[in-house]
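Engineer: Quick note, the sequence shown lines up with residues 1 to 297 if you use the numbering used here. For glycine and all other residues, C-beta sits at the position ideal for the given N, C-alpha and C. Note that the structure is a prediction, hence the values are computed from the model and not measured. The following block contains the structure, expressed as structure tokens.
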Amino acid sequence: MPRASHLLAAAMLALACVASQAATPAAQLGELCKQLTPRLPRITQQTCERSQLSATGAVSRNGFPILMRAVPPKTGKKDPLRVLLLGGIHGDELTAAAIVFEWMQWLQGPQSQEFHWHVAPVVNPDGLLAARPQRVNANGVDLNRNFPTPGWERDARHYWVKTTGRDPRRFPGQAPLSEPESRWLDQEIDRFRPHVIISVHAPFGVLDLDGPAKAPRQFGKLFFNRVGVYPGSLGNYGGVHKNVPVITIELPNALEMPDKAETRRIWVDMIDWIVRSVPTHGKTAQRVSTRPEANEH
């Protein structure tokens, strides 16, 4: 019966998504929040519904809408600094999605209101909503190893086999951008052309940076400490090959949120770092064909 139950659940989800797409945006978001919030520590149904997220038109492997909120600057700048804020690329890192929902309440603060924001708090909804939350998507692919870094066909599978020992939690997929979630994010980067990408993970409790910006010293209690460069990772793809700074925020716990004061400190320090350190001149989100030196971390 487990397989029959799984198929029934998938069918019910598909019907719910079709129904929600025919409803008003508020009703759609409310129905989706009913599924998301039980998995998100400290996020209530009301907080989720107030997030003003909208369906992007893209859906996950299981058909769950990928949600995003676009917030233009209040100042009316002609070419504002563009920030792409992402959470939940790994579905079992619950805090990585939840903290983005909390930060969304402050998008129009004194400094952040000058930016143009695109925010997607749950990039991997199928992993989050699995019977037991899982790192990979519904196709068993680690989305953070599925981006088309140069030499992916040669390097990604070799790294998976030789370095991870075929760890199923880090399977890069059969081809780059094989998954609808990673394809959506790749297209979103090309559409939005962000000056900086903020990607939230857990549970290493550090900051990492790839790309052309001065590294931060710390956000709240999180200090800068490089975690490595991997074939197919978003940091490698965005920071090294598209020349867009990618700051990775690794929260210290995947299941328990930082206290509210620390959540606020991380946000304030992040905004300050963006203002001081992110370049806005020159081209952004451009593909680079050169291959980096191998990194064995």
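1. DSSP three-state label for F101, please.
2. Taking all protein chains shown into account, decide if A27 is buried (16 or more other Cβ within 10 angstroms of its Cβ) or exposed.
3. With DSSP collapsed to three states, give me the class of G30.
4. Give me, in chain order, the residues of the same chain whose beta-carbon lies closer than 7 Å to that of R166; leave out the 5 immediate sequence neighbours on both sides.
5. Have a look at V136, Y237 and V71 and flag the residue whose alpha-carbon is nearest the alpha-carbon of S112.
6. So the alpha helix (DSSP H) T263 belongs to, where does it begin and stop?
7. Does DSSP put G165 in a helix, a strand or coil?
8. Does R226 come out as helix, strand or coil in the three-state DSSP assignment?
9. Below 8 Å between beta carbons: does that hold for G148 and L185?
10. Rounded to whole angstroms, what's the CA-CA distance from N124 to G91? Just pull it up for me.
11. Rounded to the nearest angstrom, what separates Q187 and S60 at their Cα positions?
12. Buried or exposed for H241, going by 16 or more other Cβ atoms inside 10 Å?
13. Within a Cβ cutoff of 7 Å, which residues of the same chain sit near G88, ignoring the five residues on either side of it in sequence?
14. Spatial neighbours of A14 within its chain, please: CB distance less than 7 Å, with the 5 preceding and 5 following residues excluded, ordered by chain position.
15. To the nearest angstrom, how far is the alpha carbon of R50 from that of G151?
16. Tell me the rounded alpha-carbon separation between L251 and T47.
17. Of the choices G205, G220, M257 and H118, whose alpha-carbon is the least far from that of R226?
18. In whole angstroms, give me the CA-to-CA distance for L53 and R145.
19. By alpha-carbon positions, which one of V278, L222, D210 and A254 ends up nearest to E262?
20. The alpha helix (DSSP H) with I189 in it runs from where to where?
21. Please determine, among F101, P25, I247 and K78, the residue with the shortest C-alpha to C-alpha distance to A55.
Structural biologist: This is what the structure gives:
1. helix
2. exposed
3. helix
4. W160
5. V71
6. K260 to S277
7. coil
8. coil
9. As written in the sequence, residue 148 is Pro, which differs from the Gly given in the question. Cβ atoms of P148 and L185: not closer than 8 Å.
10. 6 Å
11. 14 Å
12. buried
13. A96, A97, P121, V122, V123, N124 and L128
14. Its pLDDT being 47, under 50, A14 is placed unreliably by the model, and the measurement read from it follows with that caveat. Correct list, in chain order: G63.
15. 42 Å
16. 21 Å
17. G205
18. 26 Å
19. L222
20. P180 to F192
21. P25
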